[in-house]
Amino acid sequence: VVIVGGGAAGCATALSLVRSKPDATVLILDDADPTSFKIGESLPADAKRILAYLSPDIPTRLSKDISDGLHKRCTGNASAWGAPLLEETYAIMNPFGMGYHLDRAKFDQSLRDAVAGTLKAPSGISKSTFTSIERQSNPERWAITTRDLDSQEPRVYTARWVIDASGRKASLAHKLGANTVKSDSLLAFYALFVSPSTTQDRDYRTLIESSESGWWYSSQLPNNHRVVVYHTDDTDPSSRDARKLDGFLNLLSHQTTYISALVTDGEYDLVVDAKARQPRCTAAGSSYLEPFLDAADVLKWCAVGDAAMAFDPLSSQGMITALKMGSLVGDVVAQDLHGTELDVTSKITDVYSQVRSKYEKEKRYYYEQVTRFDGDFWRVRR
Ligand SMILES: Cc1cc2nc3c(=O)[nH]c(=O)nc-3n(C[C@H](O)[C@H](O)[C@H](O)COP(=O)(O)OP(=O)(O)OC[C@H]3O[C@@H](n4cnc5c(N)ncnc54)[C@H](O)[C@@H]3O)c2cc1C
């Protein structure tokens with residue numbers, strides 16, 4: 011089995027697969043740079059259960075990394091959403107306790123470390139970029155071509171099952187003819203801030219604010235950092251301003267009350283480095299892959315995580331859903347490899363359909379709460 015992508019979805023798929031079929035040969039291809047900032051830091055408290063199921067080493071490592079200051083705990087949410095006043099949810103009321111504000115790049119690396127510690131050769135993780143795939147006959151196999159990150163040399167692997175866990179790019183599925191259907195054109199513009207070590211920011215909540223042309227959130231990160239994110243549609247005029255640092259800061263001070271106060275009171279400065287001279291921008295809308303699997307043939311493929319369906323960040327459910335999808339798909343693939351009589355397609359399709367319809371319902375509910383703004387951003391979502 012070859013898995014393209016070693017984020018939450020790919021790692022969960024590999025761990026679940028070898029849990030159900032320890033002798034399966036599984037290779038993850040991943041090209042992440044664990045030293046680069048990765049957006050998507052909030053992990054809900056109930057993720058602890060799925061992490062422990064996938065590997066008991068993961069929650070142990072997470073606790074240690076928190077003690078070592080690599081991640082932060084999250085004490086709850088505070089949102090000025092339907093009304094200008096903050097409404098709060100407290101982690102203390104949550105049976106699972108506090109959630110996390112992760113250094114995402116490091117967390118994803120810790121998932122890959124857990125996979126590397128579980129898989130036995132010839133299974134493993136290859137630091138390489140997937141480039142192409144084709145069908146091979148005699149024996150019937152997928153032939154997957156990659157480029158090694160260190161040597162830049164091409165390599166070819168063969169497999170009966172291929173899994174697309176490459177995130178929103180869905181690199182593998184698109185090569186196999188699948189199409190990503192986008193429900194909206196939401197963009198996320200984000201910037202990192204740092205406060206002087208003498209200043210103590212004691213706000214460990216995720217802060218959310220709606221505004222005329224979109225919505226904002228901010229979370230505290232390790233090492234006195236704070237991420238600030240603005241979401242709007244690519245057609246909204248503010249999306250042009252948000253691409254430039256001064257435009258982003260101007261929008262921040264005019265459109266937010268609580269987040270801008272936090273940035274000012276915490277004496278935060280923008281982190282401007284060689285890699286990020288402007289706010290970074292990424293697609294953040296809802297989308298799904300059509301089709302997301304083909305398991306009718308001898309050679310099978312399936313997409314998991316964002317490659318299969320990507321959520322609006324408002325849900326904060328991207329990572330936990332990717333972990334759960336990976337866990338399901340890994341188990342189904344293991345049963346298929348065992349030769350178990352199993353309708354792979356309906357087993358996966360049923361769950362994916364439920365996940366998508368629950369997400370769509372909740373998303374509509376949350377956007378309908380905002381009636382205080384009349385801009386196009388809100389009108390198309392209500
Ligand atoms: C602005 C924003 C904020 C978000 N905030 C949150 C949040 O707070 N909480 C939350 O739970 N979710 C959040 N999300 C969503 C969350 O980040 C994703 O749902 C989650 O990362 C999906 O995991 P994944 O493994 O499917 O994909 P990814 O995390 O994208 O991982 C894909 C992996 O595949 C690798 N890859 C890609 N292409 C190739 C290739 N060709 N060859 C080899 N490797 C490849 C990449 O390097 C990467 O390691 C947010 C998303 C956005 C856009």
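Using this note's numbering, the first residue of the sequence shown is number 11, and each one after it goes up by one. Even for Gly, the Cβ is constructed at its ideal location relative to N, Cα and C. Note that this is a predicted model, so its numbers are computed, not measured.
Ligand 1 heavy atom lying under 7 Å from the CB of residue i
{"i": "serine 181", "result": "yes"}
{"i": "proline 232", "result": "no"}
{"i": "methionine 329", "result": "yes"}
{"i": "tyrosine 200", "result": "yes"}
{"i": "proline 44", "result": "no"}
{"i": "tryptophan 17", "result": "As written in the sequence, residue 17 is glycine, which differs from the tryptophan given in the question. Correct: glycine 17 has its Cβ closer than 7 Å to ligand 1."}
{"i": "leucine 61", "result": "no"}
{"i": "valine 354", "result": "no"}
{"i": "valine 239", "result": "yes"}
{"i": "proline 323", "result": "yes"}
{"i": "glutamate 51", "result": "yes"}
{"i": "glycine 315", "result": "yes"}
{"i": "phenylalanine 203", "result": "no"}
{"i": "valine 12", "result": "no"}
{"i": "threonine 128", "result": "no"}
{"i": "phenylalanine 140", "result": "yes"}
{"i": "glycine 79", "result": "no"}
{"i": "aspartate 275", "result": "no"}
{"i": "serine 221", "result": "no"}
{"i": "serine 326", "result": "yes"}
{"i": "threonine 350", "result": "no"}
{"i": "glycine 134", "result": "no"}
{"i": "threonine 155", "result": "no"}
{"i": "leucine 186", "result": "no"}
{"i": "alanine 124", "result": "no"}
{"i": "glycine 20", "result": "yes"}
{"i": "glycine 340", "result": "no"}
{"i": "glycine 177", "result": "yes"}
{"i": "threonine 85", "result": "no"}
{"i": "threonine 190", "result": "no"}
{"i": "aspartate 41", "result": "yes"}
{"i": "alanine 88", "result": "no"}
{"i": "threonine 292", "result": "yes"}
Residues that DSSP places opposite residue i in a beta bridge
{"i": "glycine 109", "result": "Cys84"}
{"i": "alanine 188", "result": "DSSP output for alanine 188 lists no bridge partner at all."}
{"i": "valine 166", "result": "Thr155"}
{"i": "threonine 292", "result": "Ala198"}
{"i": "methionine 319", "result": "Tyr298"}
{"i": "arginine 236", "result": "Phe203 and Gln230"}
{"i": "lysine 116", "result": "According to DSSP, lysine 116 bridges with nothing at all."}
{"i": "arginine 145", "result": "Trp152"}
{"i": "serine 396", "result": "One cannot answer for residue 396 here, as it falls past the ends of the chain, which runs 11 to 392."}
{"i": "tryptophan 311", "result": "Val172 and Asp304"}
{"i": "histidine 348", "result": "Answer is none; histidine 348 lacks a bridge partner."}
{"i": "threonine 274", "result": "Paired residue(s): none; threonine 274 is not in a bridge."}
CB-CB length for residue i against residue j, believed under 8 Å
{"i": "serine 176", "j": "alanine 124", "result": "So it is not a contact: roughly 20 Å between Cβ atoms."}
{"i": "proline 289", "j": "tyrosine 377", "result": "Not quite, the Cβ-Cβ distance comes to about 23 Å (not below 8 Å), so this is no contact."}
{"i": "glutamine 327", "j": "tryptophan 91", "result": "With a Cβ gap of about 17 Å, glutamine 327 and tryptophan 91 do not count as contacting."}
{"i": "serine 120", "j": "aspartate 75", "result": "7 Å"}
{"i": "tyrosine 375", "j": "methionine 319", "result": "About 18 Å separates the two Cβ atoms, so there is no contact after all."}
{"i": "histidine 235", "j": "proline 323", "result": "18 Å between Cβ atoms; not a contact."}
{"i": "serine 26", "j": "aspartate 341", "result": "5 Å"}
{"i": "threonine 292", "j": "alanine 198", "result": "5 Å"}
{"i": "lysine 373", "j": "serine 296", "result": "7 Å"}
{"i": "alanine 42", "j": "aspartate 118", "result": "6 Å"}
{"i": "serine 142", "j": "threonine 128", "result": "Rounded, the Cβ-Cβ distance is 28 Å, inconsistent with contact."}
_Inside the stretch 24-96 only - beta strand (DSSP E) runs reaching at least 3 residues_ = 37-40, 82-84 and 86-90
_Residue ranges of each alpha helix (DSSP H) within the stretch 244-270, 4 or longer_ = 248-252 and 255-265
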